[in-house]
Amino acid sequence: MNQSLNASIEVVIYAIGSCPVELKGGLGKHGRPSGRVRGLQRGGKMKIALAADHAGFALKEKIREYLKSKGLEVEDHGPSTTERVDYPDFAEKVAGEVAATQADYGVLVCGTGIGMMLAANKVPGIRAVAANDTISARMAREHNNANVLTLGGRMIDEASMHQIVDTWLSTPFAGGRHELRVEKIDAIDQRYHTEKRA
Ligand code: RB5
12 MNQSLNASIE VVIYAIGSCP VELKGGLGKH GRPSGRVRGL QRGGKMKIAL AADHAGFALK
72 EKIREYLKSK GLEVEDHGPS TTERVDYPDF AEKVAGEVAA TQADYGVLVC GTGIGMMLAA
132 NKVPGIRAVA ANDTISARMA REHNNANVLT LGGRMIDEAS MHQIVDTWLS TPFAGGRHEL
192 RVEKIDAIDQ RYHTEKRA
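Structure, rendered in structure tokens:
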């Protein structure tokens with residue numbers, strides 16, 4: 012198959028039932044997989060890194076069970092009680108997993124989703140979006156190729172969480188004109204982090 016055509020192949024598989032899971036890959040210049048091959052490194056199962064703070068704990072528990080019921084692999088980074096904790100500690104754990112490609116997506120829950128979003132976005136390569144509605148969830152995936160979903164445990168109920176999570180998981184990145192813009196976001200990360208290290 013033509014290499015450039017092959018490179019642009021975007022495979023969409025259906026992990027289980029009606030939950031579409033994106034496999035974005037293809038071959039790069041040297042015949043190696045380019046970009047992230049979602050779920051493939053782990054036997055085809057999409058993996059989600061999940062965490063919360065005390066304000067997001069109850070919703071986090073429901074999200075874990077919902078994702079598992081869809082056949083997804085979930086790594087719960089805590090907390091395991093409702094004891095008061097600081098959201099940046101948990102945001103960093105999940106963002107680190109996603110940045111290191113140990114998880115395909117992160118899901119973080121605090122009171123509003125905002126604190127988790129701010130903290131997660133400090134990790135290079137992370138594009139975290141507080142999406143407490145389905146439009147934000149869809150646009151964050153379609154235009155911004157967001158890789159961490161943050162939710163407000165004090166803002167949404169379980170039914171809304173189902174809709175938002177379903178929308179997030181079933182919306183592929185649109186690419187095209189959005190590709191360069193997302194690359195420019197990553198370039199800002201690189202400029203600042205490289206300059207600090209130098
Ligand atoms: C905790 O009270 C609350 O500030 C936190 O969960 C989060 O909403 C911050 O953005």
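Our numbering puts the first residue of the sequence shown at 12, with every later residue one more than the last.
Quick reminder that beta carbons are idealized off the backbone N, C-alpha and C, glycines included.
Go through its chain and collect everything with a Cβ distance to residue i's Cβ below 8 Å, but skip five positions before and after it.
i	result
Phe68	Pro90, Thr92, Thr93, Val120, Gly164
Look up residue i in the DSSP assignment and say whether it is helix, strand or coil.
i	result
Val105	helix
Ala1	Since the displayed the chain opens at 12 and closes at 209, residue 1 lies outside it and no answer follows.
Ala110	helix
Gly82	coil
Thr92	coil
Does the Cβ of residue i lie closer than 6 Å to at least one heavy atom of ligand 1?
i	result
Gly89	no
Thr93	no
Asp200	no
Thr123	yes
Gly117	no
Asp64	yes
Gly107	no
Gly82	no
Give me, in chain order, the residues of the same chain whose beta-carbon lies closer than 6 Å to that of residue i; leave out the 5 immediate sequence neighbours on both sides.
i	result
Ala139	Met128, Ala131, Asn132, Val159, Thr161
His154	His189
Glu108	Ala60, Ala114
Whose C-beta lies closer than 7 Å to the C-beta of residue i among residues of the same chain, with five residues either side of it excluded?
i	result
Val193	Asn155, Asn156
If I'm right that residue i touches residue j with Cβ under 8 Å, what's the distance once you round it to whole angstroms?
i	j	result
Ala106	Gly117	6 Å
Ala110	Pro135	6 Å
Thr145	Thr112	About 27 Å; that fails the 8 Å criterion.
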